[in-house]
Amino acid sequence: MEINFSGRTALVTGAGKGIGRETVKALQSGGAQVIAVSRTRADLDSLALECPGIKTICVDLASWDETEEALKDIGAVDLLVNNAAVAVLQPFLEVTQDAWDRSLDVNVKAVAHVSQIVAREMIKRGSHGSIVNISSQASMCALQNHTVYCATKGALDMLTKVMALELGPKKIRVNAVNPTVVMTDMGRLGWSDPQKAAPMKSRIPLGRFAGVGLSLVHLSFEINL
Ligand code: NDP
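Here it is, written out as structure tokens:
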């Protein structure tokens with residue numbers, strides 16, 4: 270499917286690795302001017318070599334104040350992909366306060382905060398736009414050792430609905446994409462063990478997990494402005 274983003278500016282969070290990194294490449298090849306936001310400078314530097322012309326912003330989205338400062342001059346953005354997230358896997362009885370704090374900060378609060386920054390600017394310009402939140406099947410399906418991750422993705426789905434409700438009348442579309450397992454670093458962390466993976470794969474009609482390219486096909490349906 271060919272999508273044309275010429276003349277559009279897209280901001281992708283968690284752009285250093287995995288799905289976010291491939292999303293940057295896909296958006297740029299579709300003609301978008303891309304702002305890539307991530308935590309590790311080396312990832313952004315190598316991405317900028319692969320995708321000359323992109324703008325990179327290095328920030329830990331877990332920090333509200335640092336995010337505010339880092340994004341204060343981003344200017345007009347037409348498309349926001351809230352992709353950054355962390356997965357801290359712990360059995361329910363061993364879940365730590367730190368796992369809750371970091372996961373809620375990145376997976377939920379940062380999505381709302383980055384969206385506020387981008388949406389306020391869209392509204393100020395009177396332009397329409399699109400926000401895509403990368404959620405997960407984990408928002409709807411209980412997964413072993415995924416207490417915090419599942420809870421944050423459930424919260425993200427509801428955040429997405431409220432954002433869609435409030436921003437829709439202001440010409441900003443908000444959607445969530447809920448992929449199944451994608452074999453990125455995060456995917457490998459949770460699903461490399463063949464014994465654990467087998468029951469999950471058996472419920473997927475194709476009998477295999479997604480690669481980043483496959484998930485981008487789904488994402489591209491949502492982000493087309
Ligand atoms: P990866 O762990 O491979 O990549 C995540 C990216 O987000 C990294 O570049 C990471 O940077 C960045 N990031 C994480 N925390 C922060 C932070 N605090 N500030 C800035 N950047 C940050 O994840 P995936 O590509 O697999 O996942 C992308 C999205 O897709 C996530 O929302 C995830 O929940 C969702 N998803 C993934 C699935 C999977 O199986 N892989 C399945 C369903 C949904 P750094 O490494 O430097 O921290």
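Counting from 270, one number per residue, gives the positions in the sequence shown under the working numbering.
In this text, a Cβ means the ideal position worked out from N, Cα and C, and glycines have one as well.
Model, not experiment: these values are computed from the prediction.
>> Let me make sure I understand the geometry here. Which of Gln297, Ala354, Trp333 has the alpha-carbon closest to that of Asp454?
In response: Ala354
> Can the beta-carbon of Lys324 be found closer than 8 Å to that of Ile304?
Replying inline: yes
> By DSSP, does Lys470 sit in helix, in strand, or in coil?
Replying inline: helix
> Assuming Asn352 and Thr282 make a contact with CB atoms under 8 Å, what is their CB distance in whole Å?
Replying inline: 5 Å
> Between the region 356–366 and the region 326–345, do at least 3 Cβ pairs fall closer than 8 Å?
Replying inline: no
> Is Asn352 near ligand 1, in the sense that its beta carbon is under 7 Å from a heavy atom of that ligand?
Replying inline: yes
> So, helix, strand or coil for Ser307, using DSSP?
Replying inline: strand
> Quick one: is the Cβ of Lys465 within less than 7 Å of any heavy atom of ligand 1?
Replying inline: no
> Relative to ligand 1, is the shortest distance from any of its heavy atoms to the C-beta of Gly482 smaller than 7 Å?
Replying inline: no
> Among Thr309, Val346, Gly276, Ile473, which residue has its Cα nearest to the Cα of Ile392?
Replying inline: Val346
> Going by C-alpha distance, which of Pro463, Ala445, Asp462 is nearest Ile492?
Replying inline: Ala445
> Do the CB positions of Asn376 and Ser408 come within less than 8 Å of each other?
Replying inline: no
> Who are the near neighbours of Val450 in its chain, counting only those whose CB is closer than 6 Å to its CB and skipping five residues on each side?
Replying inline: Gly456, Trp460, Phe478
> Would you say Asn402 and Val383 are within 8 Å of each other, going by their C-beta atoms?
Replying inline: no
> So, using beta-carbon positions, are Ile400 and Ile343 closer together than 8 Å?
Replying inline: no
> Under 7 Å from any heavy atom of ligand 1, does the C-beta of Ile403 make it?
Replying inline: yes
>> Along the chain, where does the alpha helix (DSSP H) containing Thr416 start, and where does it finish?
In response: 416–436
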